[in-house]
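Enquirer:
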Amino acid sequence: MHSKILKRLKSEPFQFISYLNKLVNGNRFEDGEALEISIQMIKEGPDSLSDEQWAIFLENGICDKYIDICEKCSEQMPWSNMYSAIFIHTDHLCANCRFIENKIID
């Protein structure tokens, strides 16, 4: 799973950094070292991390704050939807599926 996350965040660095900013601003890190690494990544970019920092970040920083696919449509979860899907609505749905779900309920 870690290699999948790493590959994706390196292929979509701007979207990932935006998500990482939401996590930092939302005080979503319980591990101080993972928080420090996150702040470094926001300031200096993903390429600034050592292998050891990557290992710490993946294990203690992002692993429980990442959704690979939407639970309804099985499409890749956009970084821009991830914070809401995990922390606000806690439904693990992309914005489109959440919109459809809310339309059905209304």
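The opening residue of the sequence shown carries number 2 in the working numbering; numbering runs sequentially from there.
Here a beta-carbon is modelled for each residue, glycine too, at the ideal position from N, C-alpha and C.
Because the structure is a prediction, the values reported are computed rather than measured.
1. Let me check one thing: in DSSP terms, what residues is GLN77 bridge-paired to?
2. Do ALA86 and ILE101 come within 7 Å of each other at the CB atom, strictly closer than that value?
3. Look at the alpha carbon of SER39 and the alpha carbon of TYR84, and state the distance between them as a whole number of angstroms.
4. Return helix, strand or coil for ARG29, following the three-state DSSP convention.
5. Going by the beta-carbon positions, is the gap between PHE17 and LEU24 smaller than 7 Å?
6. DSSP three-state label for HIS93, please.
7. Can you tell which of ASN103, ASN97 and GLU31 has its C-alpha closest to the C-alpha of ILE70?
8. Measuring alpha carbon to alpha carbon, tell me which of ALA35, LYS66 and SER49 ends up nearest TYR20.
9. Could you pull the start and end residues of the alpha helix (DSSP H) that GLU53 belongs to?
Expert: So, from the data block:
1. Within the sequence shown, the letter at position 76 stands for residue 77. ILE70.
2. Translated into positions along the sequence shown, residue 101 becomes position 100. Translated into positions along the sequence shown, residue 86 becomes position 85. No, the pair does not count as a contact, with Cβ atoms beyond the cut-off.
3. Here residue 39 refers to the residue found at position 38 of the sequence shown. Here residue 84 refers to the residue found at position 83 of the sequence shown. For SER39 and TYR84, the distance between alpha carbons rounds to 15 Å.
4. Walking along the sequence shown from the start, residue 29 turns up at place 28. Three-state result, ARG29: coil.
5. Residue numbering aside, residue 17 sits at position 16 when the sequence shown is read from its first letter. Residue numbering aside, residue 24 sits at position 23 when the sequence shown is read from its first letter. Result no, Cβ atoms of PHE17 and LEU24 do not sit closer than 7 Å.
6. Counted from its first residue, the sequence shown places residue 93 at position 92. In the structure shown, HIS93 sits in coil (DSSP, three-state: anything other than H, G, I, E or B).
7. Translated into the one-based positions of the sequence shown, residue 70 becomes position 69. With distances taken between Cα atoms, ILE70 lies closest to ASN97.
8. The count along the sequence shown starts at 1 and reaches residue 20 at position 19. Comparing Cα-Cα distances from TYR20 to each of ALA35, LYS66 and SER49, the minimum goes to LYS66.
9. Position 52 of the sequence shown, counted from the start, is the residue given in the question as residue 53. It spans 52 to 57 - the alpha helix (DSSP H) in which GLU53 sits, taken as one unbroken run.
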